[in-house]
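Asker: When we follow full-length UniProt numbering, the leftmost residue of the sequence shown carries the number 1, and every step to the right adds one. All residues carry an ideal CB built from backbone N, CA and C; glycine is no exception.
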Amino acid sequence: MVYLATAEEWQQQSMLLLQARPTTTRITTKYNIPNPESPALKKKLLKRKRDSEKDHADTAAAAATEAQVATLTLKTYDPASGVVLKFQTDKAAHVGRLINSLGRAGRHMAALPEQQEGEKRTCWDATAWMLRYAQLSI
1 MVYLATAEEW QQQSMLLLQA RPTTTRITTK YNIPNPESPA LKKKLLKRKR DSEKDHADTA
61 AAAATEAQVA TLTLKTYDPA SGVVLKFQTD KAAHVGRLIN SLGRAGRHMA ALPEQQEGEK
121 RTCWDATAWM LRYAQLSI
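1. Which of the three DSSP states is assigned to residue 21 in this structure?
2. Excluding the 5 residues flanking residue 26 on each side, which residues of the same chain have their C-beta closer than 7 Å to its C-beta?
3. So, residue 84 versus residue 1, is the Cβ gap smaller than 8 Å?
4. In chain order, what residues of the same chain lie with their CB nearer than 6 Å to the CB of residue 29, ignoring the 5 residues before and after it?
5. Which partner residues does residue 71 have in the DSSP bridge list?
6. Excluding sequence positions up to five away, which residues of its chain have a Cβ less than 6 Å from the Cβ of residue 95?
7. Please state the DSSP three-state secondary structure of residue 47.
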């Protein structure tokens, strides 16, 4: 299992893995929001508070340690080769960018051609997709 340091590195390595094995590679996302009522979290915050009181830290630093941090974890996994790529972030700017990149990654899995940077979708593309979806669900 490889933890990648940057979002760009995870995206690049995942795209290479998807191009190599589009039928077996899977991308999963996990979003974690810590529960403030959790006994384990309460215990950890209490310990941090005691440690900060011993060090006589200012109240701003103590308040910063009590802030809850939600995380998004992206995992690219290929069972055929056993490759696992992981990236974890708590930055909101990364979350939006990474979710958008999953659409590009899905094109490889669906065996669709790569969409060019300047190429834009038209409303006819969306309409055709909706009509096709409606026919499949009937």
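Answerer: With the structure as the only source:
1. coil
2. 77
3. Cβ atoms of residue 84 and residue 1: closer than 8 Å.
4. By the criterion of a C-beta distance shorter than 6 Å, residue 29 is surrounded in its chain by 74, once the five residues flanking it on both sides are discounted.
5. DSSP, once it has assigned bridges, lists 32 as partnering residue 71.
6. Hits under 6 Å: 72.
7. helix
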